[in-house]
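Using full-length UniProt numbering, count along the sequence shown one by one with no gaps and you end on 318. To start, the structure itself, in structure tokens.
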Amino acid sequence: MVESGWWQQGLINKILHQLFRLKILRQLFRLKILRQFFRYTNDIFFFFFFTPAHVTPALDDIEIIYQSSHYLVVNKKNDILINSNNGKDVTVQRQLRHLLPHLANPSLTHDFRFSHRLDYATSGLLCLSLNKRAAGKITKCFTKHHVDKYYIAIVRGHVSQNLIDVNLQIGDDIRPEWFGIRMVSEVSSFAKHCRRAHTRILLLQRGIYNDYPASKVLLKPCTGRRHQLRVHLSHLGHTLVGDYTYSNRCDVTPHRMFLHALRLAVPSPLDPFDVRTADPFSEDEPKNRWLPVENINTLDEQAFDTIKFSPVCYQVVR
């Protein structure tokens with residue numbers, strides 16, 4: 001059971017969001033003097049008095065994890081778009097064009113062939129194909145669900161089960177204020193155009209985030225629906241720490257959303273690879289404000305095998 005309390009920190013933000021929907025506030029927002037306090041993006045409202053300062057990643061703030069003649073894997077920072085039609089935005093596309101200009105292909109819409117996507121707020125491993133043939137091979141791997149992706153996260157509340165298997169379809173949230181922004185599980189009366197979604201969750205640690213109960217988990221999406229991990233975790237009552245959208249615009253105090261693409265294994269016949277990054281949510285990093293209290297599973301090869309193969313798990317279905 002998730003304890004209430006942390007969400008109260010975002011109560012003022014939620015009230016201001018409702019006020020902002022009024023026409024007069026929208027007009028006032030156009031005044032430059034207010035833009036230093038407000039940001040309005042995709043109908044999501046941030047009040048900077050109550051949220052951590054947003055730091056825009058620099059053009060050289062990206063790490064190359066793996067590179068061959070066929071594929072490039074980078075470690076994407078959180079809070080950065082993969083690409084954008086606005087040439088002034090700092091995006092992964094612009095970072096790579098700055099760092100590896102010889103690999104940019106001007107005949108492509110966004111210079112590079114991104115093999116998959118990561119949400120704006122999600123950090124971690126992102127793969128690009130460096131030629132058309134490689135792109136075709138990896139697309140087949142993704143289509144046939146042969147690619148193994150693993151994420152690490154810190155969620156609200158203490159997860160009670162060791163291994164959870166979630167089989168819940170995901171669809172669009174048809175409510176006007178959320179349409180195009182948020183997805184929902186099939187159990188919601190607001191769900192439309194639902195598709196199969198399957199996630200496995202392994203509990204690593206129980207602890208405290210900023211004085212409130214939290215858990216560190218390893219996640220394996222077995223399908224690739226939009227916002228799949230965020231929706232399934234929210235359905236379980238364990239929303240990601242810092243997930244503004246799925247906390248109903250209440251979780252505004254964390255410096256980021258605590259979701260990171262940790263490991264990527266691609267069995268491409270051209271160039272198979274298996275890469276991973278370090279855990280960015282270590283208790284040794286002060287800004288994470290994460291204090292583990294109970295260790296359940298160690299983040300090692302056995303943990304990856306367990307989440308992928310173990311039949312012993314808590315089933316969540318409709």
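Every residue, glycine too, gets a C-beta built ideally from N, C-alpha and C.
Exposed unless 16 or more other CB atoms sit within 10 angstroms - verdict on residue i
i	result
Ile80	buried
Val184	buried
residue 334	Outside the shown range of the chain (1 to 318) lies residue 334, about which nothing can therefore be said.
His227	buried
Gln169	buried
His146	exposed
Lys137	buried
Ile307	buried
Gln302	exposed
Val312	exposed
Phe304	buried
Thr143	exposed
Pro254	buried
Asn86	exposed
Span separating the alpha-carbon of residue i from that of residue j
i	j	result
Gly157	Ile174	28 angstroms
Lys88	Thr56	12 angstroms
Thr199	Arg206	20 angstroms
Met1	Ser215	Because Met1 sits at a pLDDT of 42, beneath the cut-off of 50, its placement in the model cannot be relied upon, and the following sentence gives the value as read from the coordinates. The alpha-carbon atoms of Met1 and Ser215 are separated by roughly 12 angstroms.
Val159	Ser189	26 angstroms
Leu128	Tyr151	18 angstroms
Asn162	Cys250	28 angstroms
Thr298	Ser310	16 angstroms
His232	Gly242	16 angstroms
Thr109	Gly180	23 angstroms
Thr245	Thr139	29 angstroms
Ala71	Arg195	Reading off the sequence, residue 71 comes out as Tyr, not Ala. One C-alpha to the other measures close to 30 angstroms.
Arg182	Cys222	20 angstroms
Ser282	Asn288	7 angstroms
Val217	Val293	14 angstroms
His130	Leu259	What sits at residue 130 in the sequence shown is Leu, not His. Approximately 27 angstroms between the Cα atoms of the pair.
Asp60	Ala265	26 angstroms
Gln93	Pro213	37 angstroms
Asn210	Asn75	26 angstroms
Lys220	Asp148	8 angstroms
Phe273	Pro267	7 angstroms
Asn248	Asp300	34 angstroms
Val316	Ser107	45 angstroms
Pro280	His102	30 angstroms
Arg230	Val187	15 angstroms
Ser84	His98	15 angstroms
Residue i, enclosing beta strand (DSSP E) - first and last residue
i	result
Leu163	163-167
Ile64	63-67
Leu72	71-76
Val184	183-185
Val316	314-317
Inter-residue CB distance, residue i and residue j (contact presumed, cutoff 8 angstroms)
i	j	result
Ala261	Leu118	6 angstroms
Arg256	Ala121	7 angstroms
Leu204	Ile82	Leu204 to Ile82, Cβ: 28 angstroms. No contact.
Thr277	Leu125	6 angstroms
Tyr314	Ile164	5 angstroms
Phe114	Ala104	Incorrect: roughly 13 angstroms between the Cβ atoms, too far for contact.
Ile62	Val73	About 11 angstroms separates the two Cβ atoms, so there is no contact after all.
Leu270	Ala135	Their Cβ separation, rounded to whole angstroms, is 10 angstroms, which puts Leu270 and Ala135 out of contact at 8 angstroms.
Alpha helix (DSSP H) segment containing residue i, residue limits
i	result
Arg263	Element bounds for Arg263: not the alpha helix (DSSP H) but the beta strand (DSSP E), 259-266.
**Q.** Residue ranges of each beta strand (DSSP E) within the stretch 190-219, 3 or longer
**A.** Along the stretch 190-219, the beta strand (DSSP E) occurs as fully enclosed runs of 3 or more residues at 191-195, 198-209, listed in sequence order.
Q | 4 or more residues per run - each alpha helix (DSSP H) lying fully within the stretch 86-170 | A | Listed in chain order, they are 92-99, 132-143.
(Q) Please give me, in chain order, every unbroken run of the beta strand (DSSP E) with length at least 3 that falls completely inside the stretch 234-302. (A) Listed in chain order, the complete beta strand (DSSP E) runs (minimum 3 residues) inside the stretch 234-302 are 259-266, 273-276, 290-295.
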